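Undergrad: Protein chains in written order, with the working numbering: chain A, -5 to 448; chain B, -11 to 453. Backbone N, C-alpha and C define an ideal beta-carbon position, used for all residues, glycine too. Values in this document were obtained by computation on a predicted structure and should not be read as measured data.
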Amino acid sequence: MSVPKPPADPRVLNRRDALRGALGLGIAVEFLGGRAFADSEGVQAGKKLVVIICRGGMDGLSVSPPVGDPNYQALRGPIAIAGFGQPGGALPLDHTFGLHPALASVHALALKGQARIAPAVATPDRARSHFEAQDVLESGGTVVYGTSSGWLNRALQAMGPAGRVQAISIGATAPLLLRGKIETASWAPGGAPERDHRLPGILQDLYAHDPLLSQALASGLSTESMARIAAADANQLLMADAPAPAMAAATARPAGDAAMMAASTAQTQPAAAALARFNPRQNADQARKLGATLAGLMIQPDGKQIAGVSFDGFDTHANQGAAQGQLASRLVYLDAFLDGLVTGLGPAWKDTVVVAATEFGRTAHVNGTGGADHGTASTALVLGGGLKRGGIVGDWPTLEPASLFESRDTAPTLDMRGLFKGVLSEHLGVERRALDTLVFPDSAAVAPAAGLVA
Amino acid sequence: MAIDRDLKAAIAATRFGLGARAGEIDAARADPQGWLIAQIRAEGADQPQPGAPTAAQRFAEFRDYAQERREAKAEGGVQKGDRTDPVKMAARLLRDDAGADFLARVQLAARTDADFRERWALFWCNHFTVSATKLVTATLVGPFEQEAIRPHVFGRFEDLLVASSTHPAMLTYLDQAQSIGPDSLAAGRMARGGKTGGLNENLAREIMELHTVGVDAGYGQADVTEFARAMTGYSVGGPRQDSDQIGRFIFRAAAHQPGARTIMGRRYGQDGEAQALAVMRDLAASPHTAHHIAVKLATHFVADDPPPALVERLRRSYLDTQGDLAALARTLVAAPEAWDPQARKFKTPYEFMVSAWRAADTVPQDLKGVAPILNGMGQKAFSAPSPKGWPEEAAVWCAPDAIIKRMAWSEGFAAGAIAGRDPSQLARDALGARLTPLVAQAVARAETRPEGLAILLMSPEFQRR
Chain A
-5 MSVPKPPADP RVLNRRDALR GALGLGIAVE FLGGRAFADS EGVQAGKKLV VIICRGGMDG
55 LSVSPPVGDP NYQALRGPIA IAGFGQPGGA LPLDHTFGLH PALASVHALA LKGQARIAPA
115 VATPDRARSH FEAQDVLESG GTVVYGTSSG WLNRALQAMG PAGRVQAISI GATAPLLLRG
175 KIETASWAPG GAPERDHRLP GILQDLYAHD PLLSQALASG LSTESMARIA AADANQLLMA
235 DAPAPAMAAA TARPAGDAAM MAASTAQTQP AAAALARFNP RQNADQARKL GATLAGLMIQ
295 PDGKQIAGVS FDGFDTHANQ GAAQGQLASR LVYLDAFLDG LVTGLGPAWK DTVVVAATEF
355 GRTAHVNGTG GADHGTASTA LVLGGGLKRG GIVGDWPTLE PASLFESRDT APTLDMRGLF
415 KGVLSEHLGV ERRALDTLVF PDSAAVAPAA GLVA
Chain B
-11 MAIDRDLKAA IAATRFGLGA RAGEIDAARA DPQGWLIAQI RAEGADQPQP GAPTAAQRFA
49 EFRDYAQERR EAKAEGGVQK GDRTDPVKMA ARLLRDDAGA DFLARVQLAA RTDADFRERW
109 ALFWCNHFTV SATKLVTATL VGPFEQEAIR PHVFGRFEDL LVASSTHPAM LTYLDQAQSI
169 GPDSLAAGRM ARGGKTGGLN ENLAREIMEL HTVGVDAGYG QADVTEFARA MTGYSVGGPR
229 QDSDQIGRFI FRAAAHQPGA RTIMGRRYGQ DGEAQALAVM RDLAASPHTA HHIAVKLATH
289 FVADDPPPAL VERLRRSYLD TQGDLAALAR TLVAAPEAWD PQARKFKTPY EFMVSAWRAA
349 DTVPQDLKGV APILNGMGQK AFSAPSPKGW PEEAAVWCAP DAIIKRMAWS EGFAAGAIAG
409 RDPSQLARDA LGARLTPLVA QAVARAETRP EGLAILLMSP EFQRR
C-alpha cells in the first residue's frame, strides 16, 4: 500500500515516476499490436502506428493557425496567434498556415517533410457534444452508439486472424478506441504484486468461468514483466540524456501522498495553469519521458507495433490564451511527448506514423470569456519518418463568413475516417474492402486520403 | 422467478446498498424491500460533515488568496514557501479542504447503516458532476454535494436541478458565472471600458445534454444558445458585492440578455432570473428527462444494458409523480427486474473499496489509505474526467491493470484488516446467499487468514453487485 519513493538519484526519473506523473496529468497510453504481426510478411511488417486522441475539442485554429487567412485575426481577437516573424508568432508552414509556437519539435519535423496538417477535418458527428463526438471518433461509426468497439481494435482484426495479434493498454481504464474483439491488455505504474504469490494462481482458478475477470487478470500479469524491461531501457536512455542540475531541481517531487495528490491534481487542471507555468519544464520533461518510454516499449524485440495515447484538457471555453496560456501548456506537453517518442524510436522512426486528432474543433469566433465554444472541423497532425512531402491534407475552406459551418465553425472538408483510412491503407496495407466495412462500417463513400506515406 | 428471502436480503445489501457489514444481511432478511424503503426520507441523504465550511466560505478564502497573490506579485514576486506560493497553496487547499471532504464522504459510506440512501445520494452526485479539475472548484465539490445535492435527493427533481444549477460550484465549474449577455448593460459597460465579455454556453449545454433531456431530445445549437442567453446573470457574488453575497448565488441583472427567448419550441417572455427558472422547470417536466433519468438509474442499479421493462417502469413513475425522487426510489425497489439473481454490475473502484471496508468492518482513518489507491485504479478523488461523471461500464473498470491494482490492494488491505478473524465468517457476512460454494471453499482453503480475506474481496461475486 505504500507509494513508491522518489528515485535515489533525482536526475533519473524512473519510468514509474514519469508515468505516474503523466497519468496525474490526465494522460493514458494504450498499446496494440504484437509479435504475430511483426513476424508476418508483407509491406506492413515492422511498421508502427501511434494514434493520439486529444480530448476536449482541440482548437485547430490555434494548433495550426491560418495566419495568412484575411479573416483570422479579426475572428480570433485576443486568442489569435500572431503572424509569422512576430513575437509569439506562428511557426511558418506555408503562406497561409503556421504551427502554434509551442509546437517547435513538430515544426522541426515539418521542415524535414515529416509532419503535415489536415486543417479542416471532422468526424461525421455534428452534435458538438464531447461525449458523442469522442464516441464517434473512437468507434469509427457514423452515429453515437453505432458500434461498441473501437476502430483501431477492428483494424487489428483486419490485419490478421483473430487472436494472433495481442493488444495492451497503459492507463487504468480502457478507452473505446481499443475496445473490441481483440483482447486488450493494459498496464499503468504502481501496485504490481510480488512474484511467487499464491493469490494470482488462486484467482485464475476462481475466474475460470468468468471471461471478463480471467482475461483481465491474465493480461495484467503478463504485462507486468514486459513493463519491467521497458522501464530499464527507458532509464538507460534518460540517463544518457540527463543534462544539468536544472533537471534535478525540476524532477524533485514533494514527499507524502497528500502532497503528491495535490501536486498532480494542480498540474492536471487548466484552471491551475498558473501552476503549470510555475514549472513548465517539469511537465515537458515528464511528457518527453513518457514518449521515450512508449518508444522503448515499441522497439523491444517483442514490441508493440500499434499504440493509442490519449491526452485531455483541451476544452478551452475560457482563458484559452494565445502563444502562452492554457492551450499552449497542453501543446507544450504534446510537443515534448512527440519529441521523446521520435528520439526514442531512433532508426524505427522511418517506419512510424503518428496521427493526433480531436473530437471536434472550436468556434471560429472567440467567445465572451477569452475562449472558444464547441465547434466542428479542427486540425489533425500527421507525422512520420516516412511521410510523403506535400502541403496540407484536404482542402482549406477559408474563414470567409459565408464559408463557416452554420456561420460559426471551421467547415469540414475532410472526413476523419478518410484520414485514418489513408494511414491504415498506405502505411499498414489494410485492404480497402476491410476499411469500408469492418474498420469503418458503411463508409464505402468515404475515400482514403491519398499520398500520405511515401 | 421466485427468489428466496435470503438471496433477496443479500441483493438488498450488496446491489442497492454499498456492501454488507456484519449483521446487515440478517437485518434485511425479515423484509428486504421494507428495509430499503425505510431508508428513504424526506430530509434527504446524510451529511458527511455537518457544520463543515460552506461553499461561500471556501470561495471567499480562495478569492482572498488570489488577491494576496496578485498583490505579492505586484510587490516584486512570489516567495517560495509563503502563503502566496501557488504550489504550497494548492497543496494545502487540496489536502486540508478537498481531502478532508473526500475522506469524510468515504467514512460515511464505510460505516452507515443506511447504505441504500448513500448509494442513492452518490448517484445524484455523479449525475450532477462537479469535478475538482479546476483548483477553485476542487474545494467546492464537498460543499456542493452537501448543500445542493444531498438535501434534495428524495425531493423533486426540479428542485435538485435548480439547486445544482444555482450553486457557486456548478456555476464556476461550467463557466456560467462569467457568461454575459451580448446585448446586456454589462456588455455595453465593458465595451466602453475597452474590455470584452460575452456568452459562455457550457452550463446551458450540459444542463440539457447531461442533467435533463439528454442529447437525443431533438434540440439544436440554437436552443443551446438561447438557453445560455436565458441563463446570463446567473453568477456568483464577488468582492464587489456585499460581504454576505460573496461566494453565493447572485443574479446579476446587468449581465442578463434582455428579451424573450425561444427554447425547444417554447417561448419564454419572463424577465431576468425567472426566465431560466421557467426553462429549467420545463426541462425537468419533459418526457425526455423522464426517459434519460430512468435509463441512468436502471443502468446504475441493475445492468450496463438495463432491462427495458425497468426503464419503462421508472420513466412512468417519474412522469406520474412529476419527478418525485422518493417515489422513484420506491419504484426501483419494487421493480422485479431490479432483483435479478445474477449480479451484472461491476463495482467501480470507489464502490469496491467502500464494500471492502464494510466487509472488514473498518473505517479508513486518513487520506493516504484512500486517495492514491483510487487514483491508481482510475478513479481519482472528486475528479470525474468530465461533466458527464464517472462511467458505468464494466469494460471501463475491468481493465487488466486495474485488476492487478485491486489484487495488490486487497492483499495489503487484508493483511492489516483481518485482525485474527475467520475469513469464512467474513465471507458469509459479506455475501450471504450470494456466496458460492467455489468461493467459500477457496476462502476456507487459504493458507493464511489475510489470504482468505483477499480471495473473498477479489472473488467474482464480491467484484460485482
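Just checking P442(A) against the ligand ADP - is the residue's beta carbon closer than 7 Å to any of the ligand's heavy atoms?
TA: Looking at this structure, you won't find the ligand ADP or any other ligand, since it has none at all.
Undergrad: Helix, strand or coil for C476(B) per DSSP?
TA: Only positions -11 to 453 of chain B appear in the structure, and residue 476(B) is not among them; the question remains open.
Undergrad: Have a look at V45(A) and H368(A) and give me their C-alpha separation to the nearest angstrom.
TA: Against the first sequence, residue 45(A) aligns to sequence position 51. Against the first sequence, residue 368(A) aligns to sequence position 374. About 22 Å.
Undergrad: Starting from L43(A), follow the alpha helix (DSSP H) in both directions and report where the run begins and ends.
TA: Translated into the one-based positions of the first sequence, residue 43(A) becomes position 49. L43(A) -> not in any alpha helix (DSSP H); beta strand (DSSP E) instead, spanning K42 to C48.
Undergrad: Distance cutoff 8 Å, beta carbons only. Does M395(B) sit that close to anything in chain A?
TA: Counting from one through the second sequence, the residue named residue 395(B) turns up at place 407. So yes, M395(B) belongs to the interface.
Undergrad: Tell me, please, whether the CB atom of E353(A) is closer than 8 Å to any CB atom in chain B?
TA: Position 359 of the first sequence holds residue 353(A). With 8 Å as the cut-off, E353(A) does not count as an interface residue toward chain B.
Undergrad: Establish whether the CB of L131(A) and some CB of chain B are separated by less than 8 Å.
TA: Position 137 of the first sequence, counting from 1, holds the residue named residue 131(A). L131(A) does not count as touching chain B.
Undergrad: Inspect the CB distances between the segment 171 to 180 of chain B and the segment 321 to 335 of chain A and report whether three or more fall short of 8 Å.
TA: These segments do not touch.
Undergrad: If we cut at 8 Å on Cβ distances, does I391(B) have a partner in chain A?
TA: Here the question's residue 391(B) lines up with position 403 in the second sequence. Answer yes: the Cβ-Cβ gap between I391(B) and chain A drops below 8 Å somewhere.
Undergrad: Let's see if you can read the secondary structure: which residues bound the alpha helix (DSSP H) around P352(B)?
TA: Translated into the one-based positions of the second sequence, residue 352(B) becomes position 364. Taken as a continuous stretch (DSSP letters only), P352(B) belongs to no alpha helix (DSSP H), as it is neither H nor E.
Undergrad: What is the C-beta distance between C113(B) and L206(A), in whole angstroms, given that I count them as a contact (C-beta under 8 Å)?
TA: Here residue 113(B) is taken as the residue at index 125 of the second sequence, counted from 1. Here residue 206(A) is taken as the residue at index 212 of the first sequence, counted from 1. Contact flag wrong, Cβ pair sits at about 27 Å.
Undergrad: Could you tell me which chain A residues have their CB closer than 9 Å to the CB of K(-4)(B), listed as they occur along the chain?
TA: Here residue -4(B) refers to the residue found at position 8 when the second sequence is read from its first residue. In chain order: nothing, as chain A lies at least about 23 Å away.
Undergrad: With a Cβ-Cβ cutoff of 8 Å, do T250(B) and E197(B) count as a contact?
TA: Locating residue 250(B) in the second sequence gives position 262, counting from the first residue. Locating residue 197(B) in the second sequence gives position 209, counting from the first residue. Contact flag unset, no.
Undergrad: Exposed or buried, what is P379(B) when buried is set at 16 or more other beta-carbons lying within 10 Å of its beta-carbon?
TA: Along the second sequence, read from residue 1 onward, the residue named residue 379(B) stands at position 391. Looking at its Cβ environment, which holds 16 or more other Cβ atoms inside 10 Å, P379(B) is buried.
Undergrad: If I'm right that R394(B) touches M446(B) with Cβ under 8 Å, what's the distance once you round it to whole angstroms?
TA: Numbered from 1 along the second sequence, position 406 holds the residue referred to as residue 394(B). Numbered from 1 along the second sequence, position 458 holds the residue referred to as residue 446(B). Correct: roughly 7 Å between the Cβ atoms.
Undergrad: Which residue from V212(B), A48(B), L6(B) and L265(B) puts its Cα closest to that of I234(B)?
TA: Position 246 of the second sequence holds residue 234(B). Of the candidates V212(B), A48(B), L6(B) and L265(B), the one whose C-alpha sits nearest the C-alpha of I234(B) is A48(B).
Undergrad: Quick check on P373(B) - is its C-beta less than 8 Å from some C-beta in chain A?
TA: Counting from one through the second sequence, the residue named residue 373(B) turns up at place 385. Judged by the 8 Å Cβ criterion, P373(B) is in contact with chain A.
Undergrad: My output table needs one value for H359(A): the three-state DSSP class, helix, strand or coil.
TA: Sequence index remark: in the first sequence, residue 359(A) carries index 365 (1-based). Residue state, collapsed to three classes: coil.
Undergrad: Just reading off the beta strand (DSSP E) that G378(A) is part of, what are its end residues?
TA: To locate residue 378(A), count along the first sequence from 1; it is residue 384. S372 to G378 is the span of the beta strand (DSSP E), which, as asked, contains G378(A).
Undergrad: Using a cut-off of 7 Å between C-beta atoms, extract the partners of N361(A) located in chain B.
TA: As a first step, residue 361(A) must be located in the first sequence, where it is residue number 367. Result: G186, L187 and N188.
Undergrad: From R148(A) to H421(A), what does the alpha carbon distance come to, in whole angstroms?
TA: Here residue 148(A) corresponds to residue number 154 of the first sequence, with the count starting at 1. Here residue 421(A) corresponds to residue number 427 of the first sequence, with the count starting at 1. Approximately 16 Å, taken between the alpha carbons.
Undergrad: What separation, rounded to the nearest whole angstrom, lies between the Cα atoms of D(-6)(B) and D34(B)?
TA: In the second sequence, counting from the first residue as 1, residue -6(B) sits at position 6. In the second sequence, counting from the first residue as 1, residue 34(B) sits at position 46. C-alpha separation (whole angstroms): 28 Å.
Undergrad: Does D333(A) pass the burial test, meaning 16 or more other C-beta atoms within 10 Å, or should it be called exposed?
TA: For this step, residue 333(A) is matched to residue 339 along the first sequence. Buried, because 16 or more other Cβ atoms sit within 10 Å of the Cβ of D333(A).
Undergrad: When the Cα of T436(B) is compared with those of A418(B), E399(B), Q95(B) and A273(B), which residue comes out closest?
TA: Numbered from its first residue, the second sequence carries residue 436(B) at position 448. Among A418(B), E399(B), Q95(B) and A273(B), the Cα nearest to that of T436(B) is on E399(B).
Undergrad: Is M252(B) close to chain A? Criterion is C-beta to C-beta, closer than 8 Å.
TA: As a first step, residue 252(B) must be located in the second sequence, where it is residue number 264. No - not a single Cβ of chain A is within 8 Å of the one on M252(B).
Undergrad: Could you run through the segment 417 to 428 of chain B and flag, in chain order, every residue whose CB is less than 8 Å away from some CB of chain A?
TA: So the close ones are L426 and V427.
Undergrad: Who pairs with Y256(B) in a beta bridge, going by DSSP?
TA: The residue given as residue 256(B) occupies position 268 in the second sequence. Note: Y256(B) sits in a beta bridge opposite R249(B).
Undergrad: Check the C-beta distance from A86(B) over to F370(B) and give it rounded, since I have them as a contact under 8 Å.
TA: Looking up residue 86(B) in the second sequence gives position 98. Looking up residue 370(B) in the second sequence gives position 382. Yes, they are in contact, since the Cβ atoms of A86(B) and F370(B) sit about 6 Å apart, within 8 Å.
Undergrad: Hey, quick one: how far does the alpha helix (DSSP H) through A351(A) stretch, first residue to last?
TA: On the first sequence, position 357 is the one that residue 351(A) refers to. Element bounds for A351(A): not the alpha helix (DSSP H) but the beta strand (DSSP E), T346 to T352.
Undergrad: For S397(A), which residues from the same chain have a beta carbon less than 7 Å from its beta carbon, with the 5 sequence-adjacent residues on both sides left out?
TA: Stepping through the first sequence from its first residue, residue 397(A) is reached at position 403. These residues qualify, in order along the chain: P391 and A405.
Undergrad: Per DSSP, I111(A) is paired with what?
TA: Locating residue 111(A) in the first sequence gives position 117, where the first residue counts as 1. Paired residues: L375(A).
Undergrad: So for Q451(B), helix, strand or coil by DSSP?
TA: Your numbering for residue 451(B) matches position 463 in the second sequence. Here Q451(B) sits in helix by DSSP.
Undergrad: Less than 8 Å between the C-beta atoms of V348(A) and G380(A), yes or no?
TA: Reading the first sequence from its first residue, position 354 is the one you call residue 348(A). Reading the first sequence from its first residue, position 386 is the one you call residue 380(A). It is not a contact, given that the beta carbons lie outside the stated cut-off.
Undergrad: Give the DSSP bridge partners of P86(A), in chain order.
TA: To locate residue 86(A), count along the first sequence from 1; it is residue 92. In DSSP, P86(A) forms a bridge with G92(A).
Undergrad: With a cut-off of 8 Å on the beta carbons, I'd call V447(A) and A152(A) a contact; round off their distance for me.
TA: Here residue 447(A) refers to the residue found at position 453 of the first sequence. Here residue 152(A) refers to the residue found at position 158 of the first sequence. At roughly 17 Å, the Cβ-Cβ gap does not stay under 8 Å, so V447(A) and A152(A) are not in contact.
Undergrad: With F239(B) as the anchor, note down where its beta strand (DSSP E) starts and where it stops.
TA: By one-based count along the second sequence, residue 239(B) stands at place 251. Here the beta strand (DSSP E) through F239(B) covers F237 to F239.
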